[in-house]
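Chains as they are written, first to last, in our numbering: chain A, 46 to 303; chain B, 4 to 272; chain C, 408 to 652.
Here a beta-carbon is modelled for each residue, glycine too, at the ideal position from N, C-alpha and C.
Working notes, beginning with the structure itself.
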């Protein structure tokens with residue numbers, strides 16, 4: 046087996062302006078989260094009741110959390126997705142990938158070196174926004190919603206975003222058109238939200254009660270099972286990173302087009 | 004000695020042939036076909052989603068938009084869940100690559116060395132994107148008109164059509180904004196990221212003024228709020244209530260186009 | 408004879424980098440003019456100035472009697488240009504692309520289609536006319552690139568490294584096409600290249616750039632005699648070495 050070319054790996058890891066991207070996206074996410082924390086409690090009672098029934102969550106803190114989680118998830122995923130798309134689909138679309146792939150760097154090392162910054166950026170921004178979420182929800186924290194559970198739920202969302210980035214890497218490893226890759230990125234983000242959309246309008250299609258009712262309804266399921274998430278989020282994070290690793294392994298097999 | 008004056012007077016942007024070929028080129032792109040597929044999916048999914056709405060949602064929509072029939076819920080779902088999200092997707096797919104995608108793949112130099120200014124080329128590209136976007140949207144509305152009339156009890160064809168004619172300016176806005184981001188940022192992915200963040204935020208707030216009327220005036224600046232005027236005024240759709248939003252959106256889109264055309268002058272092949 | 412293209416004291420600076428330094432030469436109508444220099448000598452920059460894509464830092468340029476800084480569209484409407492580095496739009500076919508380029512010159516549809524058809528035949532693309540451009544070989548793609556430069560029946564062709572990447576047969580065909588255009592239609596060609604044998608085959612007069620400076624301009628044979636060079640390679644190497652000293 047060839048030794049890992051560490052100089053190359055270091056060069057790849059430093060290729061993207063991650064700090065600037067993270068700062069911009071983090072700032073946008075923080076404003077969204079704090080704005081949501083301010084706005085949701087000011088909605089009329091009737092609207093909150095509808096939201097509560099539609100998303101199957103109880104209490105104002107949970108309603109605010111559902112909405113801020115979307116911001117954490119959205120920003121953590123898309124900031125990483127941009128790096129993923131710049132790593133493989135963009136140079137392929139511009140005709141500059143082959144010149145890199147013929148070098149004596151194993152495809153797995155190539156993919157990992159290019160995608161690891163995306164996963165790291167997503168994790169860093171997600172962590173920062175999860176902390177922002179705790180700050181925004183500070184006034185709502187209590188017996189129902191602890192710091193640990195808000196943080197745990199936030200980081201679980203980040204784990205899901207990281208797994209999605211792994212899937213995105215694999216699905217776009219052979220894409221020759223950047224707009225197509227962009228479409229895949231949006232589809233990968235929206236896929237886990239599909240059951241939620243169906244649940245809001247057709248709750249009758251889901252089991253009437255029990256764990257199965259909201260099991261696939263993101264992010265309601267995280268809040269409903271916050272008791273477990275509070276201590277199990279590291280496990281979810283490991284699973285998320287593991288799934289991302291599988292995605293990257295698959296991408297490494299697909300990236301060299303024979 | 005002063006240089007001679009060019010004898011070339013015709014502006015290719017005034018040529019219907021160029022516009023026709025440009026539109027044909029746009030419609031043959033893979034992304035346009037992918038979007039058409041998504042619009043078709045929305046047409047097929049909407050009736051299923053609304054077959055058995057939960058009572059709390061039905062009551063809420065009736066209190067927001069007035070009336071006592073389930074058509075309001077249908078319009079809300081169709082516009083907010085389906086067409087608003089598709090507006091964002093369409094805008095980013097059609098607009099975020101304008102000129103910068105061609106610069107990246109090195110085909111821009113072939114077009115920029117022809118007798119068209121960068122601003123003119125920008126207008127041509129955004130114009131064809133807008134036409135394709137509007138075409139996709141309006142064809143979907145037409146098919147929906149036929150399909151939903153047969154499938155949905157109490158469907159109101161006129162209200163549906165009028166609402167669509169206002170809301171079509173939402174994907175056009177998304178396209179113009181994404182194209183502006185493209186030439187302002189200079190990279191397709193950067194433009195796509197900014198567009199996605201901004202557009203999804205605006206879509207998220209489209210109906211906020213309806214949920215909380217106290218905020219309606221402040222949120223009126225949101226182009227998506229204006230574009231759903233056909234739904235929020237479902238019981239009082241009239242020339243008076245809908246002209247303002249449409250005119251506002253047209254002016255906004257023309258302004259974005261003009262700013263983008265100005266910025267396009269910085270794009271070098 | 409009034410030159411079809413003249414450059415007087417042209418300089419172009421990109422920040423501290425001097426791409427062109429006080430370059431002066433002219434091209435006569437109907438000739439195939441060799442524009443030589445190593446990679447990065449400033450040939451492409453000069454062509455960009457001639458097309459009005461970038462303004463000169465100083466100096467004066469006239470193309471077909473027009474000033475490209477004032478009337479770039481007027482220049483481009485009468486000039487054909489083949490860039491050194493480009494890609495064809497992948498999803499179009501040769502036919503639709505050439506027709507599109509025709510429309511960019513304000514041709515009506517039937518005229519643009521007829522011109523595309525004529526060029527497809529002229530450059531030998533008949534069997535490939537309706538294939539997606541993304542799938543063409545380098546040689547075929549270069550034929551399409553050459554054809555798009557001819558769509559407006561230009562008085563002046565600016566070709567930037569047109570033979571690089573072509574196989575010997577493709578090179579021969581392209582050089583023959585240029586000769587034919589000059590003989591039958593009086594088309595002037597500015598042939599920018601670092602492949603000196605091509606320039607020797609094709610051009611009577613040349614300009615040689617080295618690091619942004621004009622180091623020679625005139626009849627190729629006279630320049631060779633003046634510098635005691637037996638061919639263009641020797642001439643170029645002699646001049647380049649002299650500049651490096």
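In chain A, what lies closer than 8 angstroms to residue i by C-beta?
i: residue 108 of chain B; result: 138, 139, 140
i: residue 92 of chain B; result: 228, 231
i: residue 131 of chain B; result: Result: empty, since nearest Cβ-Cβ is about 14 angstroms, beyond 8 angstroms.
i: residue 55 of chain B; result: 247, 249
i: residue 100 of chain B; result: 223, 224
Which residues in chain B sit within 9 angstroms of residue i, going by Cβ to Cβ distance?
i: residue 55 of chain A; result: Ordered by position in chain B, no residue passes the 9 angstroms Cβ test against residue 55 of chain A, which lies about 23 angstroms from the chain.
i: residue 523 of chain C; result: Within 9 angstroms Cβ-Cβ: nothing; residue 523 of chain C doesn't reach chain B, min ~11 angstroms.
When burial is assigned at 16 or more other CB atoms within 10 Å of the CB, is residue i buried or exposed?
i: residue 116 of chain B; result: buried
i: residue 229 of chain B; result: buried
i: residue 552 of chain C; result: buried
i: residue 446 of chain C; result: exposed
i: residue 515 of chain C; result: exposed
i: residue 65 of chain A; result: exposed
i: residue 543 of chain C; result: buried
i: residue 103 of chain A; result: exposed
i: residue 250 of chain B; result: exposed
i: residue 3 of chain B; result: Any property of residue 3 of chain B remains undetermined from this structure, which presents chain B solely from 4 to 272.
i: residue 507 of chain C; result: buried
i: residue 11 of chain B; result: Its pLDDT being 47, under 50, residue 11 of chain B is placed unreliably by the model, and the measurement read from it follows with that caveat. Buried, because 16 or more other Cβ atoms sit within 10 Å of the Cβ of residue 11 of chain B.
i: residue 306 of chain A; result: For chain A, the structure presents residues 46 to 303; residue 306 of chain A sits outside this window and is missing.
i: residue 409 of chain C; result: exposed
i: residue 148 of chain A; result: exposed
i: residue 52 of chain A; result: exposed
i: residue 144 of chain A; result: exposed
i: residue 180 of chain A; result: exposed
i: residue 155 of chain B; result: buried
i: residue 106 of chain B; result: buried
At a CB-CB cut-off below 7 angstroms, which residues of chain B make contact with residue i?
i: residue 513 of chain C; result: 13, 15, 18
i: residue 73 of chain A; result: 200
i: residue 135 of chain A; result: 192
Is the beta carbon of residue j closer than 7 angstroms to that of residue i?
i: residue 34 of chain B; j: residue 96 of chain B; result: yes
i: residue 121 of chain A; j: residue 171 of chain A; result: yes
i: residue 76 of chain A; j: residue 178 of chain A; result: no
i: residue 153 of chain A; j: residue 207 of chain A; result: no
i: residue 241 of chain A; j: residue 263 of chain A; result: yes
i: residue 247 of chain A; j: residue 299 of chain A; result: no
i: residue 437 of chain C; j: residue 595 of chain C; result: yes
i: residue 261 of chain B; j: residue 126 of chain B; result: no
i: residue 162 of chain B; j: residue 240 of chain B; result: yes
i: residue 562 of chain C; j: residue 651 of chain C; result: no
i: residue 162 of chain A; j: residue 61 of chain A; result: yes
i: residue 411 of chain C; j: residue 430 of chain C; result: no
i: residue 270 of chain B; j: residue 490 of chain C; result: no
Mind pulling the chain B residues with CB within less than 8 angstroms of residue i?
i: residue 123 of chain A; result: 196, 199, 200
i: residue 243 of chain A; result: 52
i: residue 167 of chain A; result: Result: empty, since nearest Cβ-Cβ is about 13 angstroms, beyond 8 angstroms.
In chain C, what lies closer than 8 angstroms to residue i by C-beta?
i: residue 271 of chain B; result: 460, 461
Which residues in chain A sit within 7 angstroms of residue i, going by Cβ to Cβ distance?
i: residue 152 of chain B; result: Here the premise fails: no neighbours, minimum Cβ distance about 21 angstroms.
Taking Cβ-Cβ distances shorter than 7 angstroms, what residues in chain C pair up with residue i?
i: residue 21 of chain B; result: 510, 511
Since residue i meets chain A, which of its residues come closer than 9 angstroms, beta carbon to beta carbon?
i: residue 236 of chain B; result: Within 9 angstroms Cβ-Cβ: nothing; residue 236 of chain B doesn't reach chain A, min ~19 angstroms.
task: Say whether the stretch 600-608 of chain C touches the stretch 638-649 of chain C, bearing in mind that this needs 3 or more beta-carbon pairs closer than 8 angstroms, one atom from each stretch.
output: yes
query: Is the number of C-beta pairs between the stretch 453-460 of chain C and the stretch 527-542 of chain C that are closer than 8 angstroms three or more?
result: no
message: So if I threshold CB-CB distances at 8 angstroms, which residues from the stretch 80-107 of chain A count as touching chain B?
response: 84, 87, 88, 89, 91, 92, 94, 95, 98, 99
Residues in the stretch 187-198 of chain B having any Cβ partner in chain A nearer than 8 angstroms: 191, 192, 193, 195, 196
Three-pair Cβ contact test at 8 angstroms for the stretch 516-523 of chain C versus the stretch 465-479 of chain C: no
field: chain A contacts made by the stretch 28-39 of chain B, where a contact means CB separation under 7 angstroms
entry: 33, 34, 37
- prompt: Which residues, in chain order, does the stretch 110-127 of chain B contribute to contact with chain C at a C-beta distance below 8 angstroms?
  reply: 110, 112, 113, 114, 115, 116, 117, 118, 119, 120
- prompt: Residues in the stretch 490-506 of chain C with C-beta within 8 angstroms of chain B's C-beta atoms, listed in sequence order?
  reply: 490, 492, 493, 494, 495, 496, 497, 498, 499, 503, 506
field: Contacting positions in the stretch 468-490 of chain C - beta carbon closer than 7 angstroms to chain B
entry: 469, 472, 473, 474, 477, 478, 480, 481, 483, 484, 488, 490
- request: Compile a chain-ordered list of the residues in the stretch 552-577 of chain C whose CB is closer than 7 angstroms to at least one CB of chain B.
  value: 555
query: Would the stretch 177-187 of chain B and the stretch 98-115 of chain A be scored as touching if the rule is three or more Cβ pairs under 8 angstroms?
result: no
- prompt: Using 8 angstroms as the threshold, is the stretch 570-589 of chain C in touch with the stretch 492-504 of chain C, meaning 3 or more CB pairs across them?
  reply: no
message: Any contact between the stretch 128-142 of chain A and the stretch 210-227 of chain A? By contact I mean 3 or more CB pairs, one from each, below 8 angstroms.
response: yes
- prompt: When you check each C-beta in the stretch 611-624 of chain C against every C-beta of chain B, which residues fall closer than 7 angstroms?
  reply: none
- prompt: Listed from N- to C-terminal order along the chain, which residues in the stretch 414-430 of chain C have their beta-carbon within a distance smaller than 7 angstroms of any beta-carbon of chain B?
  reply: none
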